[in-house]
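Novice:
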Amino acid sequence: MQLTLDSVACMLRAPSEEQGPVAAPLIPEGMDSREDEPRSCVVCGDRATGYNFHALTCEGCKGFFRRTVNKSTGPTCPFTGSCEVSRAQRRRCPACRLQKCLDVGMRKDMVLSPEALALRRAKQALRRAQQPLMKVRKEQNELVQTLLEAHTRYVATMFDQFVQFKTQNFLCGPLCYTVEDALHAGFQKEFIEWIFHFHGTLRQLRLQEPEYVLMAAVALFSPDRPGVTQREEVEQLQEKMALTLDSYIKEQRQQRPQKRFLYAKLLGLLTELRSINNQYWYQIQRIQGLPAMVPLLQEICS
Numbered sequence: 123m124q125l126t127l128d129s130v131a132c133m134l135r136a137p138s139e140e141q142g143p144v145a146a147p148l149i150p151e152g153m154d155s156r157e158d159e160p161r162s163c164v165v166c167g168d169r170a171t172g173y174n175f176h177a178l179t180c181e182g183c184k185g186f187f188r189r190t191v192n193k194s195t196g197p198t199c200p201f202t203g204s205c206e207v208s209r210a211q212r213r214r215c216p217a218c219r220l221q222k223c224l225d226v227g228m229r230k231d232m233v234l235s236p237e238a239l240a241l242r243r244a245k246q247a248l249r250r251a252q253q254p255l256m257k258v259r260k261e262q263n264e265l266v267q268t269l270l271e272a273h274t275r276y277v278a279t280m281f282d283q284f285v286q287f288k289t290q291n292f293l294c295g296p297l298c299y300t301v302e303d304a305l306h307a308g309f310q311k312e313f314i315e316w317i318f319h320f321h322g323t324l325r326q327l328r329l330q331e332p333e334y335v336l337m338a339a340v341a342l343f344s345p346d347r348p349g350v351t352q353r354e355e356v357e358q359l360q361e362k363m364a365l366t367l368d369s370y371i372k373e374q375r376q377q378r379p380q381k382r383f384l385y386a387k388l389l390g391l392l393t394e395l396r397s398i399n400n401q402y403w404y405q406i407q408r409i410q411g412l413p414a415m416v417p418l419l420q421e422i423c424s
């Protein structure tokens, strides 16, 4: 069938009276078609988050309605049954709040029972578990092996000591420093405690060695370090390390389901590590009495 401009125009033409009236789109009562404007909960007047149980409500009234409907006995009003239901007063009388929920159109039959809700969540968890796991590509595997070899060659013994974390000592090459040494040198106690808290949090994650070396690589390849010239290339390397770390963690998800949020936690720790680094700069400047970091110290501290 060949379409012409006339036939296309006929299809796009507004319907005539012979074709009958065009049905208007169904919009629930009280819904504002201007989606970009903030909307209020029809129960208490708080900021609405969407349509819940057939009415435009906030998260608070949504949760209240679900909990109250699932209870075996309903609340009763100790007053006249006409209590004010507003954002400030909504918790004072559950009975009047429930009645207003029903008056604005919230439906009890749309609330799932605790058993049905648990079943739905179990099905959702099963679907997530059955999703195909992300596989680490060959190139990423080679990258992990390269990093592991370098780590084994240079810092393997330090990694073992870090994992055990039995003492609060600083290791700097063949030398060992205590917390008291750091305080005597001029470092603030709060800063030292921050460092040990960071290491304690990292230790609790029980990282596998590939995860540890990839996290270290992400921290190392930071394009905003002082003195970095080829920032775009360094940023690409950092992104490559981060993607490999994410892929590795997801591939291990089946063996370690409790680690499904590990990648997000590591990113948070990397952000905290940057804050520690900035504070370290400040500590060095304060101890040395420097108005600004000299280039050599700047390179060491970064």
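When the count follows my numbering, it moves up by one through the sequence shown with no breaks and lands on 424 for the last residue.
For glycine and all other residues, C-beta sits at the position ideal for the given N, C-alpha and C.
What are the boundary residues of the alpha helix (DSSP H) that G349 is part of?
Specialist: No alpha helix (DSSP H) holds G349; DSSP gives it neither H nor E.
Novice: Please specify which runs of the beta strand (DSSP E), each continuous and at least 3 residues long, are wholly inside the region 345 to 398, giving them in chain order.
Specialist: Secondary structure in the region 345 to 398: no beta strand (DSSP E) run of 3 residues or longer lies completely within the stretch.
Novice: Can you say whether M228 is buried or exposed, counting buried as having 16 or more other CB atoms within 10 angstroms of its CB?
Specialist: It counts as buried.
Novice: What does the Cβ neighbour count give for S369, buried or exposed, with the cut at 16 atoms within 10 Å?
Specialist: buried
Novice: Determine which residues share a DSSP beta bridge with L178 and list them.
Specialist: Y173
Novice: For the structure I just gave you, are there three or more beta carbon pairs, one from the region 198 to 205 and one from the region 159 to 169, closer than 8 Å?
Specialist: no
Novice: Give the secondary structure of T198 by DSSP, where H, G and I count as helix, E and B as strand, and everything else as coil.
Specialist: coil
Novice: For a quick check, are the C-beta atoms of G167 and R209 less than 9 Å apart?
Specialist: Their beta carbons are under 9 Å apart, which means G167 touches R209 by this criterion.
Novice: Give, in chain order, every unbroken run of the beta strand (DSSP E) that is at least 3 residues long and sits entirely within the region 200 to 239.
Specialist: none
Novice: Return the CA-CA distance between L305 and R275, expressed in angstroms with no decimal places.
Specialist: 32 Å
Novice: Would the region 301 to 318 and the region 331 to 351 be scored as touching if the rule is three or more Cβ pairs under 8 Å?
Specialist: no
Novice: Quickly, what does DSSP pair T323 with across the bridge? List them, please.
Specialist: For T323, which the question treats as bridged, DSSP gives no partner whatsoever.
Novice: Do V266 and K230 have their beta-carbon atoms positioned less than 9 Å apart in this structure?
Specialist: no
Novice: Alpha carbon to alpha carbon, how far is G390 from R353?
Specialist: 23 Å
Novice: Are the Cβ atoms of M232 and H273 separated by less than 9 Å?
Specialist: no
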